[in-house]
Structure formats: structure tokens, C-alpha cells
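These notes concern the structure reproduced below.
Structure representation (C-alpha cells):
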């Protein structure tokens, strides 16, 4: 086994035997849907699921598939649209008058941005623990 070299950035250590070869497989939409549903039920991504099935082994080093809360993502998308409209109105007024918005006008947008970030993190299962 080779000795792992230190990596100058944070993150996972590199594997001794990285997966760097590709297999390309064509399938029908129905086959793809069946495999995707099975991978989702297993809680893993499609690639590791197919490889595990072919090799008869559990998926190796697979990141868990996030349980995405679609309703929460829809609310965040709606809030992002409203915020974009507000920013556009402020930019138009600033361009017309030559005056930049006051800090108190920007604070609600900053707060909304943080709320959307928190909602996205929660929907993706990555809370601030």
C-alpha cells in the first residue's frame, strides 16, 4: 500500500485505489426510472448502486442521497423571486435618482437571504449543528 501524501486543502483523504475508469451504459427511460427508484430506495446515488449490483457488493464510499424537501424548496424559490423583484426596483430607483439605497432598505433583503440559505440547508439535510 502506498503512503498517502498530505493534501494542502481540507476534505476527504484520497483513496488508495481511486475509481478513475468509466463505464458508459445506455438504457431506456423505463430502465433508467426503475434503476433510479431502486437506488433512491437504497438511499444511494445511481452510479454506486448500479456498480454494487453488478459486483454483488454494497456500494463503496457512497455519500448518502439527501432527502430533499420539495415543498420547502418551492417556498425558497418563491421567496427568491420576490426578493429579486425588490432588488430590481431598488436598482431602478438608484439608477434614476443617482442615490444608493440606505442600509435600512438593504437589511430586509439581507435577512431574507439568510432565511433562504437556512431553508435550503434544512431541505438538503445540512442543518447548523
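Residue numbers (my numbering): 2 to 130. Every residue gets a Cβ at the ideal spot worked out from N, C-alpha and C, and that includes glycine.
- Sixteen is the threshold: since fewer than 16 other Cβ atoms of the shown chains lie within 10 Å of the Cβ of residue 19, the residue is exposed.
- Considered as a whole, the region 102-127 harbours no complete run of any beta strand (DSSP E) with no fewer than 3 residues.
- With respect to residue 113, residue 84 sits close: the two C-beta atoms are nearer than 8 Å.
- In the three-state reduction of the DSSP assignment, residue 42 falls in the helix class.
- Taking each of 102, 117, 93 in turn and checking the Cα distance to residue 77, the smallest one comes out for 117.
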